[in-house]
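Novice:
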Amino acid sequence: AVEQVDFQVLHSLDKKSILVDVREPEEFASGYIDAHTILTIPRGKLEFMAIDKIAKVFGTDIPIITYCLKGPRGSLAGYQLQKMGFSNVKNLKGGILQWLAEGNTIHSYLGDKIFMLGGTQTSKFICTFCSHSLKPLSDIFKLISVP
């Protein structure tokens, strides 16, 4: 089973940890949890992308916290990552909705503008639905077009 963690764990993440948002691109466009490194892989593509996007870049022992809207997809993604050999995987209990219910903020964007609802700008962002990675957020969001 994948360990479920609450929002307080996210506030204490170190720079070695990554958040894996397993929602669909249109869900991600509505807002995301800020962290030092964010990776977006829709749950349905995880098995096809995890090795290239996570293991080859960060290794299989990097601390990973998965999340989705309410929690189930994040838990399933975490379980699948464990089956694929990732050794340090947890899931955000209740997903982004619980994160918001606890009074935390999310960041969002529209076109080339980033709307940060508190917190600081993410320093790394890896987008799996475009070809750009490890660039400043301001550069990335100018290149993403959301349907």
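All you need for this note's numbering is the position in the sequence shown, starting with 1, plus 33.
Beta carbons: idealized from backbone N, C-alpha and C, even for Gly.
This structure is a prediction, so every number in the text was calculated from the model and none was measured.
1) In terms of DSSP beta bridges, what is Q41 paired with?
2) Cα separation between L46 and I71?
3) Can you give me the Cβ contacts of V38 inside the same chain, cut-off strictly under 8 Å, excluding the 5 residues immediately before and after it?
4) If you draw a straight line from the C-alpha of E60 to the C-alpha of A34, how long is it?
5) Taking H139 as the reference, give the member of S63, Q41, S50, E57 with the closest Cα.
6) Whose CA, out of K78, Y65, L43, T73, lies closest to the CA of Q113?
7) Output the distance between the C-alpha atoms of R76 and K103, rounded to the nearest integer angstrom.
8) Please state whether DSSP places D85 in a helix, a strand or coil.
9) Closest to E80 by CA distance: which of W132, Q115, L133, P105 is it?
10) Using only alpha-carbon positions, find the residue among F119, I66, Y100 that is nearest to V90.
11) Assign L52 to one of two classes, buried (16 or more other C-beta atoms within 10 Å of its C-beta) or exposed (fewer than that).
12) Quick one: residues in its chain with C-beta nearer than 6 Å to the C-beta of K48, no 5 flanking neighbours on either side, listed in chain order?
13) Give every residue of the same chain whose Cβ lies closer than 7 Å to the Cβ of P96, excluding the five residues on either side of it in the sequence, and list them in chain order.
14) Should L43 be labelled buried (16 or more other beta-carbon atoms within 10 Å of its own) or exposed?
Specialist: In terms of the structure at hand:
1) Partner(s): none; Q41 has no beta bridge.
2) 12 Å
3) I98, K123, N124, L125, K126
4) Rounded to whole angstroms, E60 and A34 show a C-alpha spacing of 26 Å.
5) In the sequence under discussion, the amino acid at residue 139 is Ile, which differs from the His named in the question. For the residues S63, Q41, S50, E57, the minimum Cα distance to I139 belongs to S63.
6) Q113 has its Cα closest to that of K78, out of K78, Y65, L43, T73.
7) Those two C-alpha atoms are separated by around 13 Å.
8) helix
9) Q115
10) Checking every option, the nearest Cα to that of V90 belongs to F119.
11) buried
12) H69
13) Answer for P96: K49, S50, N121, listed in chain order.
14) Under a 10 Å Cβ-count criterion, L43 is classified as buried, with 16 or more other Cβ atoms of the shown protein chains found around its own Cβ.
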